[in-house]
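Those protein sequences? They're chains R and G, same order as listed. Number 285 in our numbering belongs to position 247 of the first sequence; there are no gaps in the numbering. Number 350 in our numbering belongs to position 312 of the second sequence; there are no gaps in the numbering. The beta-carbon is built from N, C-alpha and C at its ideal position, and this holds for glycine as well.
Protein chains: 2
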Amino acid sequence: MKAYGSPPTLSDVARKAGVGITTVSRVVNGGDQVSPQTLQRVKKVIQQMGFIPNQAARVLKGERTKIIGILIPSIADPFFSTCAEAAQQIARANDSLLIVAGTNNDPRLEMESIRLLLRHSADGLLLVPANDQNSELAAFLNSMSAAAVAFDRPVFSSRIGSVVTDNLEAAYRATQHLIQHGHQRILCLCGESQLYTLRERISGYRKAMEEARLPSLVDMNVKDYRSAEYAIESHLSSDFPPDAILTLKNSTTIYAFETLQKLEVPIPQKIALMGFDDFELAGTLRPSISVVQQPAEDLGRVAAELLFEQILNRHKTKRVSTPKRGSQIKLESRLVLRASCGCKVAS
Amino acid sequence: MKAYGSPPTLSDVARKAGVGITTVSRVVNGGDQVSPQTLQRVKKVIQQMGFIPNQAARVLKGERTKIIGILIPSIADPFFSTCAEAAQQIARANDSLLIVAGTNNDPRLEMESIRLLLRHSADGLLLVPANDQNSELAAFLNSMSAAAVAFDRPVFSSRIGSVVTDNLEAAYRATQHLIQHGHQRILCLCGESQLYTLRERISGYRKAMEEARLPSLVDMNVKDYRSAEYAIESHLSSDFPPDAILTLKNSTTIYAFETLQKLEVPIPQKIALMGFDDFELAGTLRPSISVVQQPAEDLGRVAAELLFEQILNRHKTKRVSTPKRGSQIKLESRLVLRASCGCKVAS
DNA sequence: CTGTTAGCGCATTCAT
DNA sequence: ATGAATGCGCTAACAG
């Protein structure tokens, strides 16, 4: 029950065990080249004193920190926390710890966090860049020595690889599906249209509409429930009201559903609904909501795996071989067809 | 665009600036006792070389790491990720980083993670102990020099303070509310009854039932959707079917709702439903679900604040004044009355 | 097999 | 106002 002394060091152990500190070090690191007896004795003393190696000292000697950082807009966001969970699993598998920092999509916070992570000599960074066109960020990432992988959104003009969903394709297929149900006036709803993911999704929507020779109808002013309600009410009372809605993100889908529910607009009879991003109760709501399901877990997992690949290579070769410029991995989404799009209409 | 050299050090900067390393150190740490001209020059060189102080070296010199760890069952769990988000905010306010580790409620994983965190000299630990009676854990926490605060669940027989919801009181009031609606046969549903929080909630339920001279009816075999369905079907077809259900955790509430929906049992007319833990769409489902709303954010925030209080004191006094034994802070919950309990029955 | 020694980057005396 | 020297805990030569 001893407490609050500074933690025991190698030399504390060495003294108590009557050996040199190198021997203790060897024992701690696997015990090669140590006689069985010494091994036993030293192990016992280590146990007894509760010795824990000091990582800072190891790092100072040039070892990896075995810490990686992950920068996500919000830890509380189910999508990103799922990514983080997966990343943490991979980190653990690589004997590493994961530092999580919320950026709130703020480039300043993001930069600050990266700097802080670098002070701590993080081996690598996983990041969801607040702004994919941020050239300052790109330059900084290029110049730093830590490994890095972007996910969910790429970082343009940088050597940083990325793992993203094929947003365009997913939105394209979702829109096509609504069209196949016979819908002609499909309203595309979202906010924050400056985000890479949303831009891609809008493109996918437009592509499908254009191919079907239907007019695109995009409203990007939805930020919260109020604005969603306002937008939907406006469109419904227009001369050519929509007969379907495609929402481009989780929260927008929910706002739209709540609005339609409140207005007692029958889904999908009067208005069909298709969302981007699955959510826990999408299948439990009545009607159940059809959505594009992103592989959130895979996003985090693959990004982390890629990161450790880099880290391990880097450590092996000391000097990195020319890293291939920002290779991008695209993951497929899945269209989950439930009732709100018109499939499986409950009798 | 220089890359992959080892990062510049104090002495690199010193050489380039033509000063001693002490001077550079001073500049980095506020620039006192340095002439304005030197200050300028050194600052410029620092900027230019992209010098970033090496935290490991600082730590080795006895400084705090400015890293705290948080151990939660799962990062992807909305409740805990909300706590983590709050904790991270407090960490940031204290210029610290947050390492998140998922324990999966496994004492072994938990212990392993704590050890790892300690190697990294984390200044403090925030933890949701997998088992509140774990004496090995208690002993270890008592003997270590890092600060620590438990949240959501306490650690018994330890000096570790804790921040928890008043689970007993909350369940007590929720049950009372159902009783006031006239329900007599209230079924209490959950799984993992060994967890502190669930034990407390069961006690609260029992207390309310006993006070009302009603028979307690607890089924703790609900782990997933299937078991929930099985349990509910069994109870419904018994001689004395319940007229209300109190679920003790988030997922159980959802399983119960889905089962009742599937069986087309009208809520709350035939069976009322009250859940523990709020969730995003509780108000959107039809009927909307009444729940006990825990102050998840406050839990994380208060725990983190307490932790930094300890850390700061500890650092100031070098030796800790006798830490008061495991003081416990209890936070109040809020009963959110929606439709499923019988309030606000939609006409 | 085992021990001695030299730094890793930095903050900190203590001189100047 | 400035700098040289010391040591934090550890690993990796090197020497026995």
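### Task
Would you mind reading off the limits of the beta strand (DSSP E) that contains residue 203(G)?
Counted from its first residue, the second sequence places residue 203(G) at position 165. According to the DSSP assignment, residue 203(G) belongs to the beta strand (DSSP E) that extends over 199-203.
### Message
With a threshold of 9 Å between beta carbons, is residue 265(R) in contact with chain G?
### Response
Numbered from its first residue, the first sequence carries residue 265(R) at position 227. No, residue 265(R) does not count as interfacial toward chain G.
### C-alpha gap between residue 381(R) and residue 279(R), whole angstroms
Your numbering for residue 381(R) matches position 343 in the first sequence. Your numbering for residue 279(R) matches position 241 in the first sequence. Distance between the alpha carbons of residue 381(R) and residue 279(R) is about 21 Å.
#### Entry: Rounded distance between the beta-carbons of residue 168(R) and residue 150(R), thought under 8 Å
By one-based count along the first sequence, residue 150(R) stands at place 112. By one-based count along the first sequence, residue 168(R) stands at place 130. Contact between residue 150(R) and residue 168(R) is ruled out by a C-beta separation of about 12 Å, above the 8 Å threshold.
### Query
Does the Cβ-Cβ distance between residue 93(R) and residue 44(G) come in under 9 Å?
For the purposes of this step, residue 93(R) is taken as the residue at position 55 of the first sequence. For the purposes of this step, residue 44(G) is taken as the residue at position 6 of the second sequence. No, these two residues do not count as a Cβ contact at 9 Å.
### Task
May I ask which residues mark the beginning and end of the alpha helix (DSSP H) holding residue 54(R)?
Along the first sequence, read from residue 1 onward, the residue named residue 54(R) stands at position 16. Its alpha helix (DSSP H) spans residues 48-55.
### Message
Distance check for residue 63(G) and residue 69(G), CA to CA, integer angstroms please.
### Response
As a working note, residue 69(G) is residue 31 in the second sequence. As a working note, residue 63(G) is residue 25 in the second sequence. Rounded to whole angstroms, residue 69(G) to residue 63(G) spans 8 Å at the Cα level.
### Query
Taking all protein chains shown into account, do 16 or more other C-beta atoms lie within 10 angstroms of the C-beta of residue 177(R), making it buried, or fewer, making it exposed?
For the purposes of this step, residue 177(R) is taken as residue 139 along the first sequence, with counting starting at 1. Exposed: under 16 other Cβ atoms inside 10 Å.
### Task
Could you please tell me which residues of the region 146-165 of chain G, in chain order, have their CB closer than 8 Å to any CB of chain R?
Those residues of the region 146-165 of chain G that come within reach of chain R (Cβ to Cβ, closer than 8 Å) are 153, 154, 155, 156, 157, 158 and 159.
### Task
Just the chain R side, please: which residues come within less than 8 Å of residue 66(G) by C-beta, in chain order?
On the second sequence, residue 66(G) is found 28 positions in, with the first residue counted as 1. In chain order: nothing, as chain R lies at least about 11 Å away.
### Within chain G, partners of residue 120(R) - CB distance below 7 Å
Along the first sequence, read from residue 1 onward, the residue named residue 120(R) stands at position 82. Ordered by position in chain G, the residues that pass the 7 Å Cβ test against residue 120(R) are 114.
### Task
Check the Cβ-Cβ distances between residue 73(G) and every residue of chain R, and say whether any is below 9 Å.
Position 35 of the second sequence, counted from the first residue, corresponds to residue 73(G). Chain R contact via Cβ: absent.
### Message
Can you check which of these residues, 200(G), 223(G) and 313(G), is closest to residue 277(G) by C-alpha distance?
### Response
The residue labelled residue 277(G) in the question sits at position 239 within the second sequence. Taking only the C-alpha atoms, the option nearest residue 277(G) is 223(G).
### Query
residue 228(G) to residue 208(G), Cα distance in whole Å?
As a first step, residue 228(G) must be located in the second sequence, where it is residue number 190. As a first step, residue 208(G) must be located in the second sequence, where it is residue number 170. Taking the straight line from one Cα to the other gives about 16 Å.
### Query
Using 9 Å as the limit for Cβ to Cβ distance, is residue 278(R) near chain G?
Taking the first residue of the first sequence as position 1, residue 278(R) is located at position 240. No, its Cβ sits nowhere closer than 9 Å to a Cβ of chain G.
### Query
Taking buried to mean at least 16 other C-beta atoms within 10 Å of its own C-beta, is residue 262(R) buried or exposed?
If you number the first sequence from 1, residue 262(R) lands on position 224. Its Cβ having fewer than 16 others within 10 Å, residue 262(R) is exposed.
### Query
Should residue 325(R) be labelled buried (16 or more other beta-carbon atoms within 10 Å of its own) or exposed?
Taking the first residue of the first sequence as position 1, residue 325(R) is located at position 287. Result: buried.
### Query
Quick one: what does DSSP say residue 87(G) is sitting in, helix, strand or coil?
By 1-based counting over the second sequence, the position of residue 87(G) is 49. Here residue 87(G) sits in helix by DSSP.
### Task
In angstroms with no decimal places, state the Cα-to-Cα distance between residue 175(G) and residue 304(G).
Numbered from 1 along the second sequence, position 137 holds the residue referred to as residue 175(G). Numbered from 1 along the second sequence, position 266 holds the residue referred to as residue 304(G). Those two C-alpha atoms are separated by around 47 Å.
### Task
Taking only the alpha-carbon atoms, compute the straight-line gap between residue 196(G) and residue 116(G) and give it to the nearest angstrom.
By one-based count along the second sequence, residue 196(G) stands at place 158. By one-based count along the second sequence, residue 116(G) stands at place 78. Each residue's alpha carbon lies about 28 Å from the other.
### Message
For a quick check, are the C-beta atoms of residue 217(G) and residue 162(G) less than 9 Å apart?
### Response
Counting from one through the second sequence, the residue named residue 217(G) turns up at place 179. Counting from one through the second sequence, the residue named residue 162(G) turns up at place 124. In this structure, residue 162(G) does not lie closer than 9 Å to residue 217(G) by Cβ.
#### Entry: Within chain R, the residues that residue 136(G) reaches when beta carbons sit closer than 8 Å
Position 98 of the second sequence holds residue 136(G). Per Cβ cutoff of 8 Å: 137, 138 and 139.
### Task
Using only alpha-carbon positions, find the residue among 210(G), 307(G) and 79(G) that is nearest to residue 243(G).
Residue mapping note: residue 243(G) aligns to position 205 of the second sequence, counting from 1. Per the Cα distances, 210(G).
### Task
Run down chain R in chain order and give the residues with a C-beta less than 8 Å from the C-beta of residue 314(G).
As a working mapping, residue 314(G) is identified with position 276 in the second sequence. Under the 8 Å cutoff, chain R gives no residues; its nearest Cβ is about 17 Å from residue 314(G).
### Message
Within 9 Å of any Cβ in chain G, is that where the Cβ of residue 307(R) sits?
### Response
The sequence position of residue 307(R) within the first sequence is 269, counting from 1. Closer than 9 Å: no.
#### Entry: Runs of beta strand (DSSP E) lying entirely within the region 297-382 of chain R, each at least 3 residues, in chain order
Complete beta strand (DSSP E) runs here, min 3: 310-314, 328-331, 366-369 and 372-374.
#### Entry: Against chain G: residues of the region 85-102 of chain R by CB proximity under 8 Å
Going along the region 85-102 of chain R in chain order, one finds 88, 90, 91, 92, 93, 94, 95, 97 and 98 with a Cβ nearer than 8 Å to chain G.
### Query
Would residue 3(R) be called buried (16 or more neighbouring beta carbons within 10 Å of its own) or exposed?
Outside the modelled stretch of chain R, which goes from 39 to 385, sits residue 3(R), for which no answer is possible.
#### Entry: From 89(G), 185(G), 109(G) and 80(G), residue whose alpha carbon lies closest to that of residue 364(G)
The residue you call residue 364(G) lines up with position 326 of the second sequence. Among 89(G), 185(G), 109(G) and 80(G), the Cα nearest to that of residue 364(G) belongs to 185(G).
### Message
Comparing C-alpha positions only, which one of 283(R), 213(R), 281(R) and 271(R) sits nearest to residue 249(R)?
### Response
Residue 249(R) sits at position 211 when you count from the first residue of the first sequence. Among 283(R), 213(R), 281(R) and 271(R), the Cα nearest to that of residue 249(R) is on 213(R).
### Message
Just verifying my parser: in three-state terms, what is the DSSP assignment at residue 193(R)?
### Response
Locating residue 193(R) in the first sequence gives position 155, counting from the first residue. Note: residue 193(R) maps to coil in three-state DSSP.
### Message
For residue 136(G), which residues in the same chain have their Cβ closer than 7 Å to its Cβ, ignoring the five residues on either side in sequence?
### Response
For the purposes of this step, residue 136(G) is taken as residue 98 along the second sequence, with counting starting at 1. The residues are 106, 108, 125, 126 and 129.
### Query
residue 205(R) and residue 239(R): beta carbons closer than 9 Å?
By 1-based counting over the first sequence, the position of residue 205(R) is 167. By 1-based counting over the first sequence, the position of residue 239(R) is 201. Yes.
#### Entry: Delimiting residues of the alpha helix (DSSP H) encompassing residue 242(R)
Reading the first sequence from its first residue, position 204 is the one you call residue 242(R). Per DSSP, residue 242(R) belongs to the alpha helix (DSSP H) from 234-249.
#### Entry: Beta bridge counterpart(s) of residue 139(R) as assigned by DSSP
By one-based count along the first sequence, residue 139(R) stands at place 101. Per DSSP, 109(R).
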